[in-house]
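First up is the structure itself, then whatever we jot down about it.
Right, here's the structure in full:
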């Protein structure tokens, strides 16, 4: 499925950008569910016991409209092409991350990173503890990213 150059790029850069893998009809259905959730459900997903604050679209984490964008498209096949046959499992949960524009005139801060799965004492696990239940991310944008700082995922 992937070219040898794409596989080399992934190995060297740690990420791969592949456009047009998820059919537009699936993106539109997911976007509609996200918009409905924001407008009608609002914030939820609080898990104060693990120091996790509320976020939008918590009820969509196991929704097939969201998980099928990975499980029933070439996205899963691409992951398997990179990780090796039999080394990739279907997802049962996927978190949407709607982001909102800053106020007019306010510029975004420079991106700062973090490593998922490392505890900082306020994210539900002790500082320095490492616990991760995944090998890689598959990021699927539901909107075009038309300029700097207009997306949510940075590598």
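Residue numbers (the working numbering): 3 to 157. Note that the Cβ used here is the ideal one computed from N, Cα and C, for glycine as well.
- Whole-angstrom distance between residue 66 and residue 92, CA atom to CA atom: 11 Å
- Query: Whose C-beta lies closer than 8 Å to the C-beta of residue 25 among residues of the same chain, with five residues either side of it excluded?
  - Reply: 75
- Item | Buried versus exposed call for residue 62 [16 or more other C-beta atoms within 10 Å across all chains shown] | buried
- Message: What would DSSP say about residue 155, mapped onto helix, strand or coil?
- Response: coil
- Query: Do residue 104 and residue 110 have their CB atoms nearer than 9 Å?
  - Reply: yes
- residue 133 versus residue 120 - alpha carbon distance: 6 Å
- Item | C-beta contact flag for residue 40 and residue 142 at 9 Å | no
- Message: Only counting the same chain, and skipping five residues up and downstream in sequence, which positions put a Cβ closer than 7 Å to that of residue 43?
- Response: 61
- Item | Top-ranked residue by Cα proximity to residue 89, from 127, 136, 9 and 5 | 136
- Task: Name the one or two DSSP bridge partners that residue 132 has.
- Result: 120
- Message: Which of the three DSSP states is assigned to residue 78 in this structure?
- Response: helix
- Query: In the DSSP assignment, what are the bridge partners of residue 58?
  - Reply: 45
- Task: Measure how close the beta-carbons of residue 20 and residue 80 come, nearest whole angstrom, since I'm counting them as under 8 Å.
- Result: 6 Å
- Query: When you compare each of 147, 138, 3 and 27 to residue 71 by their alpha carbons, which one comes out closest?
  - Reply: 27
- Tell whether a beta-carbon distance below 9 Å holds between residue 9 and residue 84. yes
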